[in-house]
Structure formats: structure tokens, C-alpha cells
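Counting from 651, one number per residue, gives the positions in the sequence shown under the numbering used here. Before any comments, here is the structure.
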Amino acid sequence: MVSSEVGFVEYQEGLKSFINKLCYNRLVSYEGVLKATKAVFGYQKLIPIYVDTEILLFSTQSIRNLDVLFINYHQIHKIRKLKNEIEILFYDQSTLRLQIGRAFINTQIKRCGAINNYLTKKSFESVYNYGLSIEI
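Take a look at the structure:
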């Protein structure tokens, strides 16, 4: 099940297959993104998946677990620590409460930030190196 602007949409396929389809839009695969991210950042497990400039997914646990959730880093507005859980507030005003530790969520957010910064820098470098002009 995937949350979007129109509500929840149910898909009849596995999570890896769904993420692979998202990645294929950029001519890469789920496994390819994992391998490249491991090589660049040295992460060994719970690796965020960069799909595109609007989708950067991190998991709440191993993808092998049935209860795994993938959260889009770019849609997070705020994270609050409650008594025994974390509350994630999204830009669309929805919320998600999870029983995961603060250190875990901080690690995932830092990893996503590092990946996002790295790719933003690479994007600007390629524009500069090819002499393209952009307006900001």
C-alpha cells in the first residue's frame, strides 16, 4: 500500500518489485542503487534508496521483515519524540507513529541528508562541467 496525494493505493506486487519500477524510470535498479550507495558511503545495512529528486526512501527495518515501512525523506515536515515512540509529520498533514528509537531515526535521516547533499553537489558539478546555464 502506498500513500499519495489521492490517498492510499494498493499494489498487488512485492515491495522490492515496486521500488524497482520506481528506479527503472531512471534506468537503474534497486540492487544497482544499493550497490552504488554502499560503495560511495560505506553503509552496510538499512541503506536509503535514492529514486529521484522527489523520492529518497529509508526503511524502518530490514526489507525482509513483513512490517517494514519505507518513508520518503523528502515528504517529512517534522519528527517528534514522544514517550515511547517517534511521530513523523508529513507535508500533506498526515502523521505516522512508530515504535523505533531516536538514534535509529536520526541515523536514517542523516544518511538521507548525506545522499541528498552528495547528489545535489554532483548535479551542479555536471551542469558546470558541461557549460550549461541554469537560472535559479
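Using N, Cα and C, we set each Cβ at its ideal position, and we do this for glycine too.
From residue i to residue j, what distance separates their C-alpha atoms?
i	j	result
Lys699	Leu707	Lys is not the amino acid found at residue 699; the sequence shown has Ile there. Computed Cα separation, rounded: 5 Å.
Arg730	Gln711	19 Å
Ile726	Arg747	13 Å
Ile765	His724	12 Å
Asn756	Asp702	22 Å
Lys728	Ser709	17 Å
What is the residue span of the beta strand (DSSP E) that residue i lies within?
i	result
His724	No beta strand (DSSP E) holds His724; DSSP gives it neither H nor E.
Ile713	No beta strand (DSSP E) holds Ile713; DSSP gives it neither H nor E.
Glu735	That residue, Glu735, is in no beta strand (DSSP E); it is neither H nor E in DSSP.
Leu746	Thr745 to Leu748
Exposed or buried, what is residue i when buried is set at 16 or more other beta-carbons lying within 10 Å of its beta-carbon?
i	result
Thr745	exposed
Val718	exposed
Thr687	buried
- Residue ranges of each alpha helix (DSSP H) within the segment 660 to 703, 4 or longer: 665 to 674 and 680 to 691
- Message: If contact is defined by three or more beta carbon pairs under 8 Å, each pair taking one atom from either stretch, is the segment 760 to 768 in contact with the segment 681 to 692?
- Response: yes
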